[in-house]
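The structure under discussion appears below in the form of structure tokens.
2 protein chains.
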Amino acid sequence: MQKKIRQQTIKFKNPVYIISTSSTVGPKEGEGPLKDFFDLILEDSLYGEISWEKAESKITKETFARALEKANFSQEDIDYVISGDLLNQNTGSNFAIRDLNIPFFGIFGACSTIGEGLGLGAILIDGGFANNILIGASSHFCASEKQFRFPLELGTQRPPSSTWTVTGQGSVILSDKKNQDKNKKLPCVTAITPGKIIDLGIKDANNMGAAMAPAAFDVIYSHLSDLNISPDYYDLIVTGDLGKIGHDLVVKMFGEKNIDMTRNYNDCGLLIFDIEKQKIGSGGSGCACSAVTFAGYLYKRLKDGVLNKILFVPTGALMSQLSSQQGESIPGIAYAVAIENHD
Amino acid sequence: MQKKIRQQTIKFKNPVYIISTSSTVGPKEGEGPLKDFFDLILEDSLYGEISWEKAESKITKETFARALEKANFSQEDIDYVISGDLLNQNTGSNFAIRDLNIPFFGIFGACSTIGEGLGLGAILIDGGFANNILIGASSHFCASEKQFRFPLELGTQRPPSSTWTVTGQGSVILSDKKNQDKNKKLPCVTAITPGKIIDLGIKDANNMGAAMAPAAFDVIYSHLSDLNISPDYYDLIVTGDLGKIGHDLVVKMFGEKNIDMTRNYNDCGLLIFDIEKQKIGSGGSGCACSAVTFAGYLYKRLKDGVLNKILFVPTGALMSQLSSQQGESIPGIAYAVAIENHD
Numbered sequence: 536m537q538k539k540i541r542q543q544t545i546k547f548k549n550p551v552y553i554i555s556t557s558s559t560v561g562p563k564e565g566e567g568p569l570k571d572f573f574d575l576i577l578e579d580s581l582y583g584e585i586s587w588e589k590a591e592s593k594i595t596k597e598t599f600a601r602a603l604e605k606a607n608f609s610q611e612d613i614d615y616v617i618s619g620d621l622l623n624q625n626t627g628s629n630f631a632i633r634d635l636n637i638p639f640f641g642i643f644g645a646c647s648t649i650g651e652g653l654g655l656g657a658i659l660i661d662g663g664f665a666n667n668i669l670i671g672a673s674s675h676f677c678a679s680e681k682q683f684r685f686p687l688e689l690g691t692q693r694p695p696s697s698t699w700t701v702t703g704q705g706s707v708i709l710s711d712k713k714n715q716d717k718n719k720k721l722p723c724v725t726a727i728t729p730g731k732i733i734d735l736g737i738k739d740a741n742n743m744g745a746a747m748a749p750a751a752f753d754v755i756y757s758h759l760s761d762l763n764i765s766p767d768y769y770d771l772i773v774t775g776d777l778g779k780i781g782h783d784l785v786v787k788m789f790g791e792k793n794i795d796m797t798r799n800y801n802d803c804g805l806l807i808f809d810i811e812k813q814k815i816g817s818g819g820s821g822c823a824c825s826a827v828t829f830a831g832y833l834y835k836r837l838k839d840g841v842l843n844k845i846l847f848v849p850t851g852a853l854m855s856q857l858s859s860q861q862g863e864s865i866p867g868i869a870y871a872v873a874i875e876n877h878d
Numbered sequence: 536m537q538k539k540i541r542q543q544t545i546k547f548k549n550p551v552y553i554i555s556t557s558s559t560v561g562p563k564e565g566e567g568p569l570k571d572f573f574d575l576i577l578e579d580s581l582y583g584e585i586s587w588e589k590a591e592s593k594i595t596k597e598t599f600a601r602a603l604e605k606a607n608f609s610q611e612d613i614d615y616v617i618s619g620d621l622l623n624q625n626t627g628s629n630f631a632i633r634d635l636n637i638p639f640f641g642i643f644g645a646c647s648t649i650g651e652g653l654g655l656g657a658i659l660i661d662g663g664f665a666n667n668i669l670i671g672a673s674s675h676f677c678a679s680e681k682q683f684r685f686p687l688e689l690g691t692q693r694p695p696s697s698t699w700t701v702t703g704q705g706s707v708i709l710s711d712k713k714n715q716d717k718n719k720k721l722p723c724v725t726a727i728t729p730g731k732i733i734d735l736g737i738k739d740a741n742n743m744g745a746a747m748a749p750a751a752f753d754v755i756y757s758h759l760s761d762l763n764i765s766p767d768y769y770d771l772i773v774t775g776d777l778g779k780i781g782h783d784l785v786v787k788m789f790g791e792k793n794i795d796m797t798r799n800y801n802d803c804g805l806l807i808f809d810i811e812k813q814k815i816g817s818g819g820s821g822c823a824c825s826a827v828t829f830a831g832y833l834y835k836r837l838k839d840g841v842l843n844k845i846l847f848v849p850t851g852a853l854m855s856q857l858s859s860q861q862g863e864s865i866p867g868i869a870y871a872v873a874i875e876n877h878d
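Top to bottom, those sequences are chains A and B. Going by our numbering, the first sequence opens with residue 536, and the numbers climb by one from there. Going by our numbering, the second sequence opens with residue 536, and the numbers climb by one from there.
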């Protein structure tokens, strides 16, 4: 008797519609190539608050509200909220969601959080456990630098391999039915491949792209194998925040398997910033990097038909400041989310 | 037309069997009233490691392994792992799970984590998305004190309202079928009520029981209303880590609704320690408090038939050290998990 081969990928039976998204970004993201796709560009990163952490919660709260408004929904229409961020104990999300009267699942996937959220949200809907789910992920450059690296006031020089944490929040509403544009195709979550934690021993918190690349490779490879498809099934395969170094490593790892990823593979961290002109280092990073690139840019490109099928692969580095201080390496994770236009 | 009343509670269609549990605790828990129910009592909290954080990951890794062994499972039998803890960026879990070759969902519900995990795990199984799920939650007294309050070396005096973070990890395996004891009844997750974040303005990190009690009350009340049952439907209703102060507040809040909770309601934080003899303050707390009390004590009491139906309600305080320093209040959350013996 053959031993059951465990499938990592969940393919959904019913269309899980993405009926609304919303995005807010900081000033630097508002000067980047995707600036015309975001709903709100902040003029300053404190956003009228007395701390960056409070600003992050305010951004989350307001971006959630805008996603609801765009879906013509009130809070009562949402069954569950799923959200996470980079701040210790997920306070970016917790302090935003305490004002919503909606049951909550808190998640932590570092910068892969929006991928984990889309996966769990689609599971709740496809399984018939919910009709509408609100999902979000946020990060804040200043709060992250302070928490993970150095106080900004030190003016520490950043090595070229370092990535730039995106300030912002991306919100997504998943639903079992279309509530607007009923005659149009809508982007749907069609499959999710949750990743394994992979740690090949990278210890440099200024080179997170390299630390996360093996997890991205592994989950994309598993996704393609499970569904028996090749990369060109998708119009675009897009990782979360590997930046230039991590992106090139993924291309190289697939090359070693004789799979060509040079044609339709990009990274949100390379889309959101012009890394040369904006002097960004290796690219954008943070939970918001993939969340706002999806909620702002990719979702609109799907809706207007420029893209039809994408594999969205948010990536996360699962270290803490303390684990780095204790000499630990950086474990990586990624979630592969298939999103396709559907009637 | 009547507006749809949103139901917070998910009632599972199929039995979601709890086929195995495992628990590890620290020395202080090993001197408490539940000492005979735990699989492993550590002789010291460093457990041969050079830091408390590394010790927490080692405890998690080994307790997971023991849960697999007790189910007669290997890693390959598990579809997904769900885990979380109190350490910044969930490193207690991440650094344990990187050595498992199993796709992972990281969650953060503070001390309510095991409840959130049991809920999501049961959703994955009842929805047909997985056959077997491994779930865990951990905490460590020394690592928590250092992270949230004061370095232990300071010998800071603790007020009587403070709770004592449990050192340990509780693991649970959920499955769509019994793999042992096939003719016996087994505890099953039959329903889950995910909580809303509730913040009534308590700011004292040494009185978390009071901060979490309103969330516990709210989710238990919603659970009973959604299913149209009274508290005496259950043999035991047991919150996670409210301690004496929070427990008494919950009884009082139900009293104001003319619902008697004095007969079958207890708290894991009061079960795990003898608060007088062990000089614990208000009771036990931390992710491990409810996780090991369930995995060690409650699961065995269900299996031997002393209990048949329980409502297990892990509770969490969603603050960070920084949010307290910035003068924020403490938002609370709770998950109500119905567990009943089933053929």
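Where is the CB? At the ideal position from N, CA and C, for every residue including glycine. Predicted model, so just to flag it, every value in this text is computed and none were measured.
In chain order, D661 place their CB closer than 6 Å to the CB of N549/A, counting only its own chain and leaving out the 5 sequence neighbours on each side.
Taking C-alpha positions only, L762/A is separated from C803/A by approximately 24 Å.
Proximity of A645/B to chain A, defined by a Cβ-Cβ separation below 8 Å, is satisfied.
Sequence-distant Cβ neighbours of A631/A in its own chain, meaning closer than 6 Å and more than five residues away, are S592, T595, K596.
Rounded to the nearest angstrom, the gap between the Cα atoms of Q610/B and A665/B is 14 Å. In the three-state scheme derived from DSSP, where H, G and I count as helix and E and B as strand, T544/B is classed as coil. K719/A and N623/B have their C-alpha atoms roughly 44 Å apart. Look at G851/B here: in three-state DSSP terms it is strand. DSSP, read as helix, strand or coil, puts S817/A in coil. Between G652/B and A672/B, the C-beta gap is smaller than 8 Å, which places the two residues in contact. The three-state secondary structure of Y756/B, taken from DSSP, is helix. Contact annotation for G730/B against chain A: P638, F639 [CB-CB distance below 8 Å, chain order].
Cβ atoms of I554/A and I708/A come within 8 Å of each other, at about 5 Å. Taking 8 Å as the cut-off, the beta carbon of T700/B is found no closer than this to the beta carbon of S618/B. Distances from the CA of R633/B to each of G831/A, K792/A, I732/A, V785/A were compared; the closest alpha carbon is that of I732/A. The C-beta separation of H758/B from T797/B comes to about 19 Å, leaving the pair out of contact by the 8 Å criterion.
Listed as beta-bridge partners of N801/B by DSSP are V773/B. If you draw a 10 Å sphere on the C-beta of S706/B, you find 16 or more other C-beta atoms in it, and that means buried. Using beta-carbon distances, T698/B does not count as an interface residue toward chain A, since no partner is under 8 Å.
The beta carbon of D734/B falls within 8 Å of a beta carbon belonging to chain A, placing the residue at that interface.
In the structure shown, I764/A falls within a coil segment according to DSSP collapsed to helix, strand and coil. The C-alpha of V616/A lies about 25 Å from the C-alpha of V754/A. The beta-carbon of T556/A is placed no less than 8 Å from the nearest beta-carbon of chain B.
Neighbours of E688/B in chain A, taken as residues at a C-beta separation under 8 Å, are lacking, since the least C-beta distance is about 17 Å. Chain B has a Cβ within less than 8 Å of the Cβ of Q856/A. Here F573/A has S558, V560, G831 as same chain residues with Cβ atoms under 6 Å from its own Cβ, once five neighbours each way along the sequence are excluded. Taking a beta-carbon distance threshold of 8 Å, Y615/B counts as an interface residue toward chain A. Across the segment 658 to 671 of chain A, CB contacts with chain B closer than 9 Å involve I658, L659, D661, G662, G663, F664, A665, N666, in sequence order along the chain.
Rounded to whole angstroms, the separation of the alpha carbons of G781/B and P562/A is 44 Å.
In the DSSP annotation of this structure, the continuous segment of the beta strand (DSSP E) that includes S618/A starts and ends at 615 to 620. At a cut-off of 8 Å between C-beta atoms, T626/A counts as an interface residue with respect to chain B. With respect to chain B, the C-beta atom of E680/A has no partner C-beta closer than 8 Å. When only Cα atoms are considered, N741/B and R693/B end up about 8 Å apart. For the segment 575 to 624 of chain A, the full-length beta strand (DSSP E) segments reaching 3 residues or more read 615 to 620 along the chain. Counting other Cβ atoms within 10 Å of its Cβ, N801/B stays below 16 and is therefore classed as exposed. Using a 10 angstroms sphere on the CB of K779/B, the tally of other CB atoms reaches 16 or more, which defines it as buried.
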